[in-house]
Each structure stands twice: as C-alpha cells, then as structure tokens.
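What follows is a short report on a single structure.
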Amino acid sequence: MSLGLPVAATVNCADNTGAKNLYIISVKGIKGRLNRLPSACVGDMVMATVKKGKPDLRKKVMPAVIVRQRKPWRRKDGVYMYFEDNAGVIVNPKGEMKDKIDIVDEAITFFRANVFFRNFDIKSPADKLLIYLTLYINVALKRLEGCRTLAVGTKAIINLGLEKVPVPGEPGFPFPGLFALPQSQQEAELFRNYLKQIREETSGRLLSCAYRPNGTPNKWWLAFAKRKFMNIIVP
1 MSLGLPVAAT
11 VNCADNTGAK
21 NLYIISVKGI
31 KGRLNRLPSA
41 CVGDMVMATV
51 KKGKPDLRKK
61 VMPAVIVRQR
71 KPWRRKDGVY
81 MYFEDNAGVI
91 VNPKGEMKDK
101 IDIVDEAITF
111 FRANVFFRNF
121 DIKSPADKLL
131 IYLTLYINVA
141 LKRLEGCRTL
151 AVGTKAIINL
161 GLEKVPVPGE
171 PGFPFPGLFA
181 LPQSQQEAEL
191 FRNYLKQIRE
201 ETSGRLLSCA
211 YRPNGTPNKW
221 WLAFAKRKFM
231 NIIVP
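This is the structure in structure tokens:
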C-alpha cells in the first residue's frame, strides 16, 4: 500500500470528539529510513496531537488511526482507491474509537432538528455524508407512513433497500455537486456499494426509533415524515 502520510503531516479528524485536525508525531511499528521520515497509510495507528478543536484536547498526545488518504493505493483486487482528503480518528491504546457515536447515530440523533434546515453549511467531508443520511432518513420515514406495526414497517424498509441507489452523476442523485464524480465505472460501483451499506445500517437503527418496543408506531418520529429537508420533495 502507498504510504501517503509522513510524520509531521496534518490530517482532518473524522470523529465526534471535538477535534478538528491531527498532527502526526510518529507511526506505530514503522521506523524511518535513510533520509526519509516514517509514513502512514489507511489502517495504520499513529501518535498525534490535536492542532485545532476543543481546548481540553489541544496539545495532548494520543493514538489515532488513519481512515482516509488522498494518495491512491492499489488493493489486492487491482482497484485503485483514494479519498478527497486525509483523515484519522482518535482511538484508545487498543485501537477502539474513543467516541462510540458514529455518523449514522449522529444523523439519527439530530435528524429532527436538521430536517428543518433549508440550507446546510458544509465545514468538513463528514457534513456531506450527514446531509445525505438526513435526506435518506426523511425518505425512509415517508415510506413508513401508514405502516401500523413494526413488521409492516420492516417490510417497507426492505423494499426501499431493494431499489437502485444512484451515485453522483446519475439521474436521481439528490445532491448534484455535493460529492466528486466517480472517475470510472469501478469507482462508481464502490461508491454505490458504500451508500447501500450505510443506508441499510441507518434503516436498521431508524426502525428502533420509529417503533416502540411493543411494535407500535412512535408518533414523535413518524410525524417528521411530512417535513422536507432542504425543500427537497420526498417521493
């Protein structure tokens, strides 16, 4: 794999700890070579400090894992992968994320507030995915309208998951210009598979909110099916 992030590189922080970016101090398990600093790639653990973020996190040395890099690398199946930015997440010494709330939990937790937004300021790549998931939750709740039991609602969500998932550049993608266009058919399929997986994960967690433990609808959630996020009409 291409090592795209040398020591002293600054990467975005892609978690919910309150850190904005991370400054790489060292790469765990990798030593430097003659005239070359140690470098990290996706999946490597590094020691880093927080350059920007919550005051209680700044200048503290803590472990992190690289989750995205701009420099392309070749997978075993021959596909080249790259991201639009370099990013990492803060972890504990065992490699577990310190903040257990992921982007799906965040999208569901703040949906009932975010759905009222007509405009959304994008401050990081994570905000783009948050926008996409917020609209998807809006669509899913619309499909759950009239589903009076958890069993019926689950069937409606399964049917939603069987629909084709458009990617940027294809008809039906709701946010033109939000994501970079795929550069190849392989890249488009990778993007499509990622969106399908995160939609499925979101659907499963949403059902536990939209329905009570006894299987009856939760009106405090299903009432938001009538809202239009960013004035987008939900089919």
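Numbering (this note's numbering), first residue to last: 1 to 235. C-beta: ideal position from N, C-alpha, C; glycine also. Remember, predicted model here, so these are calculated numbers, not experimental data.
Evaluate residue i with the Cβ neighbour count: other Cβ atoms within 10 Å of its Cβ, from every protein chain shown; 16 or more gives buried, anything less gives exposed.
i	result
Ile131	buried
Cys13	buried
Ser184	exposed
Ala180	exposed
Gly172	exposed
Thr10	exposed
Ala210	buried
Gly204	exposed
Ala40	buried
Gly215	exposed
Leu48	Position check: residue 48 holds Ala in this sequence, whereas Leu was assumed. Per the 10 Å Cβ criterion, buried.
Gly95	exposed
Measure the CB-CB distance between residue i and residue j and report whether it falls below 8 Å.
i	j	result
Val27	Val46	yes
Met90	Ala19	The question names Met, but residue 90 in the sequence shown is Ile. Cβ atoms of Ile90 and Ala19: closer than 8 Å.
Leu150	Leu222	no
Arg227	Val115	yes
Pro217	Arg148	yes
Leu133	Gln69	no
Val7	Pro55	no
Leu135	Ile25	no
Arg74	Tyr80	yes
Ile137	Thr202	yes
Met97	Asp15	yes
Based on Cα-Cα distance, which residue from the options lies nearest to residue i?
i	options	result
Pro168	Ile158, Leu133, Val104 and Pro182	Pro182
Ala140	Lys94, Asp85 and Gly161	Gly161
Leu178	Lys128, Arg205, Gly146 and Leu144	Lys128
Arg58	Ser124, Asn16 and Leu22	Leu22
Leu190	Asp77, Lys71, Thr17 and Ala113	Asp77
Tell me whether residue i, by its Cβ, gets closer than 7 Å to a heavy atom of the ligand ADP.
i	result
Val165	With respect to the ligand ADP, the structure offers nothing, as it holds no ligand at all.
Kindly give me the distance between the Cβ atoms of residue i and residue j, rounded to whole angstroms, as I take these residues to be in contact under 8 Å.
i	j	result
Phe229	Phe117	7 Å
Lys142	Ala225	5 Å
Ile103	Ala126	6 Å
Ala64	Gly29	With 8 Å as the limit, Ala64 and Gly29 do not qualify as a contact, their Cβ atoms being about 14 Å apart.
How is residue i classed by DSSP in three states: helix, strand or coil?
i	result
Asp5	In the sequence on display, residue 5 carries Leu and not Asp. Correct three-state label for Leu5: strand.
Thr134	helix
Ala87	strand
Cys13	strand
Ala113	helix
Tyr194	helix
Pro217	strand
Asn92	coil
Leu34	For Leu34, the predicted structure reports a pLDDT of 49, less than 50, and the residue's modelled location is therefore unreliable. The matter cannot be settled from this model.
Val104	helix
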